[in-house]
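Using full-length UniProt numbering, the letters of the sequence shown correspond one by one to residues 1 to 329. Positions of the beta carbon are idealized from the N, C-alpha and C atoms, including for glycine.
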Amino acid sequence: MAGHTAHTETRDLRETAHAAQVRELTAAGVLEDPRWRAAFAAVPRHVFVPYFWTGRGAGHERLWAQDPDPERRARWLRGVYVDTPLATRMRDGQQVSSSSQPSLMAKMLDALDVRDGDDVLEIGAGTGYNAALLCHRLGEEHVTTVDLDEEITESARAHLAELGYHPAVVTGDGARGCPARAPFDRIMVTCTLPLIPYTWLGQCRPGARILGPLSTGLIALTVRDAGFAEGNFLHTSAYFVPLRGATAAPPPDPAATEYGLPYELVENERFQFMLVLTAGVLHPREALDLWRREGRPARERFGVSVSAEGQWSWLDDPQGPYVWPLGKG
1 MAGHTAHTET
11 RDLRETAHAA
21 QVRELTAAGV
31 LEDPRWRAAF
41 AAVPRHVFVP
51 YFWTGRGAGH
61 ERLWAQDPDP
71 ERRARWLRGV
81 YVDTPLATRM
91 RDGQQVSSSS
101 QPSLMAKMLD
111 ALDVRDGDDV
121 LEIGAGTGYN
131 AALLCHRLGE
141 EHVTTVDLDE
151 EITESARAHL
161 AELGYHPAVV
171 TGDGARGCPA
181 RAPFDRIMVT
191 CTLPLIPYTW
201 LGQCRPGARI
211 LGPLSTGLIA
221 LTVRDAGFAE
231 GNFLHTSAYF
241 VPLRGATAAP
251 PPDPAATEYG
261 LPYELVENER
271 FQFMLVLTAG
281 VLHPREALDL
291 WRREGRPARE
301 RFGVSVSAEG
311 QWSWLDDPQG
321 PYVWPLGKG
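Written out as structure tokens, the structure is:
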């Protein structure tokens, strides 16, 4: 009887925490589309995060669903439904996979601008939570998710199956896309990019949208054809685990080039974005002068162009005076 009571209390706590999360995201204005609101209400996050790590460095603590201590189990469950990213895999003290912040996921899914019948490729399977939301919205037959790590894809596949979702979960280099499932109408990336892999453009239908983290922002590209894509950054900031694979490269580290800059500006999120985006091309002092001269521009004034000739970031106009090659950090 005691076991049954504990099970009922746990179930009630899960349902209460899940419902509270949906209300919180709705109140924050990130679930205005009723179809995505329904998806978040239907897909419980705790299924995809049976454990996570808290803390930093040697102080990491693992919280998990099967902990024999009821208080620690409750901490795990409460933590799962907090609007924050959660470290789900650690390797040599470094985070290699995570469950993204739900509000950021909601913003990205909304910005993906999917339509019924769209085929979506997700780069970075993670826990499978994002793929489940896509499955609920579009149908599992329209969803493909790729990750380099077989351990990650196996886990994501199991989590998805637990809720009855069976999208294509592929172990492979996300930088190479998934030619066997192409063409795609949308590509959603959940790892930070150093460059846009050209392979993706060739796996997209004309007019497709590629959305992913670059610098400390989210770039939304419209694909014209296999040789060209262009678009602007969204207002939203974004920090993800870096892409691993054939075209991966370490992201520029602005800390290495901050010497001589006012501390309050180095910590300014808008300037930090430009500093990372132009690392290796503009000296930090040049970046600061330009940023001040142009009225401290927000992310959405910047964009990216991808063509056979190369990849560039730019301010306001891809043909204007402020254009920088990507990937020079």
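Query	Result
Output the boundary residues of the alpha helix (DSSP H) element that contains Ser155.	Glu150 to Glu162
Assess contact between the stretch 163-183 and the stretch 133-147, defined as three or more Cβ pairs (one per stretch) separated by less than 8 Å. Is contact present?	yes
Of the residues Ser307, Asp289 and Val47, which one's Cα is nearest the Cα of residue 345?	This structure gives no information on residue 345, because the portion of the chain shown stretches from 1 to 329.
Roughly how many angstroms separate the alpha carbons of Val30 and Ala131, rounded to a whole number?	18 Å
Which same chain residues end up closer than 7 Å to Arg78 when comparing Cβ atoms and leaving out the 5 residues on each side of it in sequence?	Ala17
Identify whether Pro252 lies in helix, strand or coil by the three-state DSSP scheme.	Unreliable placement is indicated for Pro252, whose pLDDT of 47 sits below 50; the coordinate value is still reported in the next sentence. Pro252: coil per DSSP, three-state reduction.
What ranges does the beta strand (DSSP E) occupy inside the stretch 179-240, keeping only unbroken runs of at least 3 residues that lie completely in it?	184-189, 204-214, 217-225 and 228-237
Return helix, strand or coil for Tyr165, following the three-state DSSP convention.	coil
Alpha carbon to alpha carbon, what distance is there between Leu315 and Pro284?	16 Å
Quick one: which unbroken beta strand (DSSP E) runs of 3-plus residues sit fully inside the stretch 60-84? Chain order, please.	61-64
Using a Cβ-Cβ cut-off of 8 Å (strictly less than) and excluding sequence neighbours within five positions of Met90, which residues of its own chain qualify?	Trp53, His60 and Val96
Going by beta carbon distance, what residues of the same chain come within less than 6 Å of Pro213, once the five residues before and after it are set aside?	Thr192, Ala238 and Phe240
Put Tyr129 into one of helix, strand or coil per three-state DSSP.	helix
In angstroms, rounded to a whole number, what distance separates the CA positions of Arg186 and Gly126?	18 Å
Taking the beta strand (DSSP E) that Asp113 belongs to, which residues open and close that run?	Where Asp113 is concerned, there is no enclosing beta strand (DSSP E), given that its DSSP letter is neither H nor E.
According to the neighbour-count rule (16 or more other Cβ atoms, all chains shown, within 10 Å of its Cβ), is Ala208 buried or exposed?	buried
Can you give me the start and stop residues for the beta strand (DSSP E) that Leu315 sits inside?	Gly310 to Leu315
Exposed or buried, which one is Pro321 when buried takes at least 16 other CB atoms within 10 Å?	exposed
Are Arg75 and Leu63 closer than 8 Å when you measure CB to CB?	yes
So which of Val82, Leu104 and His46 has the shortest CA-CA distance to Leu234?	Leu104
Would DSSP call Leu86 helix, strand or coil?	strand
To the nearest angstrom, report how far apart Glu24 and Gly310 are at their CA atoms.	42 Å
Under 8 Å, do Arg188 and Leu112 count as touching if we go by C-beta distance?	Sequence inspection shows Met at residue 188; the Arg mentioned does not correspond to that position. Contact flag set, yes.
Are the Cβ atoms of Leu221 and Val304 separated by less than 8 Å?	yes
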